[in-house]
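Notes for the one structure printed next.
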């Protein structure tokens, strides 16, 4: 038996290494708009957060130009780069193990909703879960809003029976805002150490996917 009835997963850096596709589309967009080149670390910061927020933060642009860059990225990403990703070793075994324990799984991501559904189906995560929610086109939804949608659809009423699993501060803050437990992972893009994880409330730290099963007992 598990203490949890619902496990909600982030995508980028938790289920999938999506760095190749995202970086490809970011570089394409930067070149198209003749923006200053970025360091490797700056480019990596685009993985995970809403892409519009990243362009705004890095280049300090707003308004129509920001929207045009965002649209350029999205068009390129959906047409060429969406499926340039790979599932982390052991993550399917995690989902299978949770199913055997009768734990419902859900997916909450900052990827635009249609991208989220498409990439989850492509990588066969939909065979484990049909609760998949992504961001809206205007980036108005916060991570806690997306997680909340998963909880509502799951039918789980007791927040103590819900756990969020992710690799970033957005995931941790979203879980805290909703009063649900959080498992931090360090094999993704956001958290790189236990100290990074422990800056936020968590019930455990997974250094590799299989650790998640041990933490959800």
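Residue numbers (the working numbering): 7 to 223. Every residue gets a Cβ at the ideal spot worked out from N, C-alpha and C, and that includes glycine.
In the DSSP assignment, residue 101 falls within the alpha helix (DSSP H) that extends over 97-106. Within the same chain, 93 come within 6 Å of residue 129 by CB-CB distance, once the 5 residues on both sides are set aside. For residue 137, the secondary structure class from DSSP, reduced to helix, strand or coil, is coil. Secondary structure note for residue 24: it is in no alpha helix (DSSP H), with a DSSP letter that is neither H nor E. A Cβ-Cβ separation of about 3 Å places residue 90 in contact with residue 27 under the 8 Å criterion. As the crow flies, the alpha-carbon of residue 205 is around 31 Å from that of residue 43. Residue 32 and residue 49 have their alpha carbons spaced roughly 8 Å apart. Between residue 175 and residue 114 a beta carbon distance of about 15 Å is seen, past the 8 Å cut, so the two are scored as non-contacting.
The way I'd put it, the stretch 160-170 doesn't touch the stretch 119-135; fewer than three beta-carbon pairs between them come closer than 8 Å.
Taken atom to atom, the span from the alpha-carbon of residue 36 to that of residue 81 is near 14 Å. Along the stretch 48-123, the beta strand (DSSP E) occurs as fully enclosed runs of 3 or more residues at 110-118, listed in sequence order. By DSSP's assignment, residue 126 forms no beta bridge with any residue.
Counting along the chain, residue 219 sits inside the alpha helix (DSSP H) bounded by residues 216-221. It is roughly 19 Å from the alpha-carbon of residue 51 to the alpha-carbon of residue 180. Per DSSP, residue 202 lies in no beta strand (DSSP E); the unbroken alpha helix (DSSP H) holding it starts and ends at 200-204. With 16 or more neighbouring CB atoms inside 10 Å of its own CB, residue 208 falls in the buried class.
Around the beta carbon of residue 58, 16 or more other beta carbons lie within 10 angstroms, which makes this residue buried. In this structure, DSSP gives residue 18 an extended state, which the three-state scheme calls strand.
Minimum Cα-Cα distance from residue 149 among the listed residues 56, 98, 215 corresponds to 56.
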